[in-house]
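Written below as structure tokens is the structure these notes are about.
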Amino acid sequence: MQNIISFKVKILYFITGLRLGGAETQLLLLAKNVRKLGHDVMVVAMESGGIMAEKFRSESIQVEELSISGVATIWNGYYRFKAIVQNYSPDVIHAHMIHANLFSRIYSMFNCVPKLISTAHNIKEGNKLLMSGYYFTRLIPDWSTNVSQEAFDQYVKQKYFFRQKSVFIPNAVDTNQFYPDQKHTTRLRKEFNIQENAYVFFSAGRLHVQKNHAALLNAFAIVRHKLCYAVLLLAGEGPLEKELRFLCKELSIEEHVKFIGRRNDIPALMNLCDCFVLSSLHEGAPLVINEAIATKTNIVATDCGGTKELLKDIGIIVDVNNISALAQAMIKTSQIPSTNERLDKARTYVINNFSIPTVVNKWIKLYTE
């Protein structure tokens, strides 16, 4: 990756929290690659205790946490943020996710900020009250961005973004990590006790209501009637794990669904599976979709925001919360050849449009223009 400018920029990345998620993962990818270009970066999180914080620090990126946990702690967090900004003196504050976006906009109303950029990571980032905050503060940032073209268009239409000061910039994908590679498949099949003839479905994401794992489990129960050798792997942790395990027992699929927790080997798991499934209620531009495409994996996804623009003519898209359609799509993937020319072309498209150099250079241009 080559630097497209000849001078150093100081960027303060500001995010709601550093839990394991798509926005946080994308920020890590962005921050470490901007830093590799010789620019100065630091990360500030509103919340404390996020497990991603150490991943940033392992890349020699300074991380500060405001420890905001409710209304009572907002003022302390505000003055802590003010002190950090004054001490660091950034050229750009680049905020991510709705709480950090609104917080930084309010901050910039009363303090000098050379350049403020707000990035939304979902087609629906919050409730009506929070989203109205986007509407009333849309003129404050120098630039507003969204990682999904579909979500971007909606934000402009609903006047959450001011059109003349907004732009679509997609998520980047590390195609050097996500690529076809079967070297770990035998080991993983042994680890999860998966038979050689099993058809493996895989889903990765926080066990949270937004991801709609309940619909996925109900669909998988239908799939099992047709594909008696099917297995479902669920990677991730979250508040619904106990409830979802109980649902598996109710559906009599507990022996065929494997909750594998938080994983650091998602590329290997993408290569292990025969089909990646996204069952979400709403998303922005799901990073996992392009990661699955980059590994040339079959995909079934709900029309939850951003999936149509990413999948185009590959994969199968079904309506949100349509259990029957989701099940039929999952069954259909078992009939698709593993050597699929469309998957080859799709990976090439991801490399050309979502690679780290391509996306990072777009951000650098926005920081400096």
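Plus 23 on top of the position in the sequence shown (first one is 1) and you've got the numbering used here. Beta carbons are placed, not taken as given, at the ideal position from N, Cα and C, and that holds for glycine. Note that this is a predicted model, so its numbers are computed, not measured.
For Glu392, name the three-state secondary structure that DSSP assigns. Counting from 1 along the sequence shown, the entry for residue 392 is found at position 369. Residue state, collapsed to three classes: coil.
From the DSSP output, which residues share a beta bridge with Tyr36? Taking the first residue of the sequence shown as position 1, residue 36 is located at position 13. Val66, His117.
Could you tell me the alpha carbon to alpha carbon distance between Ser171 and Phe377, rounded to whole angstroms? Within the sequence shown, numbered from 1, the residue matching residue 171 stands at position 148. Within the sequence shown, numbered from 1, the residue matching residue 377 stands at position 354. Roughly 12 Å separates the two Cα atoms.
Ordered list of alpha helix (DSSP H) runs contained in the region 249-325, each at least 4 residues: 264-273, 289-295, 310-317
Given this structure, state the Cα-to-Cα distance separating Val223 from Asn145, to the nearest angstrom. As a working mapping, residue 223 is identified with position 200 in the sequence shown. As a working mapping, residue 145 is identified with position 122 in the sequence shown. Roughly 28 Å separates the two Cα atoms.
Could you compute how far the alpha carbon of Asn26 sits from the alpha carbon of Arg58? Your numbering for residue 26 matches position 3 in the sequence shown. Your numbering for residue 58 matches position 35 in the sequence shown. Bear in mind that the predicted position of Asn26 carries a pLDDT of just 46, short of 50, making it too unreliable to give a figure here.
Return the CA-CA distance between Ala227 and Thr325, expressed in angstroms with no decimal places. If you number the sequence shown from 1, residue 227 lands on position 204. If you number the sequence shown from 1, residue 325 lands on position 302. Computed Cα separation, rounded: 14 Å.
Assumed close pair Ala37, Ser92 - CB separation to whole angstroms, cut-off 8 Å: In the sequence shown, counting from the first residue as 1, residue 37 sits at position 14. In the sequence shown, counting from the first residue as 1, residue 92 sits at position 69. The residue you asked about is not Ala; residue 37 is Phe in the sequence shown. Their Cβ separation, rounded to whole angstroms, is 17 Å, which puts Phe37 and Ser92 out of contact at 8 Å.
What number of angstroms, rounded off, separates the C-alpha of Tyr252 from the C-alpha of Ile276? Start at 1 with the first residue of the sequence shown, and residue 252 comes out as number 229. Start at 1 with the first residue of the sequence shown, and residue 276 comes out as number 253. Cα-Cα distance, rounded: 12 Å.
Alpha carbon of Pro290 to alpha carbon of Leu52, nearest angstrom: Indexing the sequence shown from 1 puts residue 290 at position 267. Indexing the sequence shown from 1 puts residue 52 at position 29. Each residue's Cα considered, the two are about 15 Å apart.
In the DSSP assignment, find the alpha helix (DSSP H) that holds Phe224 and state where it starts and stops. As a working note, residue 224 is residue 201 in the sequence shown. No alpha helix (DSSP H) holds Phe224; the beta strand (DSSP E) holding it covers 222-227.
Between Thr48, Arg80, Val86, which has its C-alpha nearest Ala195's C-alpha? Taking the sequence shown and counting its residues from 1, the one referred to as residue 195 is at position 172. If we check each option's Cα against that of Ala195, Thr48 comes out closest.
Any 3 or more C-beta pairs closer than 8 Å across the region 185-201 and the region 264-281: no
Which of the three DSSP states, helix, strand or coil, is assigned to Ser171? Position 148 of the sequence shown, counted from the first residue, corresponds to residue 171. Three-state DSSP puts Ser171 in coil, outside helix and strand.
Check whether the Cβ atoms of Leu139 and Ile116 sit closer than 7 Å, and answer yes or no. Position 116 of the sequence shown holds residue 139. Position 93 of the sequence shown holds residue 116. Cβ atoms of Leu139 and Ile116: closer than 7 Å.
In this structure, does DSSP put Thr356 in helix, strand or coil? The residue labelled residue 356 in the question sits at position 333 within the sequence shown. Helix.
In this structure, what does DSSP give as the bridge partners for Leu139? Numbered from 1 along the sequence shown, position 116 holds the residue referred to as residue 139. The partner list for Leu139 (beta bridge, DSSP) reads Ile116.
In this structure, how does DSSP classify Phe377 when only helix, strand and coil are distinguished? As a position in the sequence shown, residue 377 is number 354, starting the count at 1. Note: Phe377 maps to helix in three-state DSSP.
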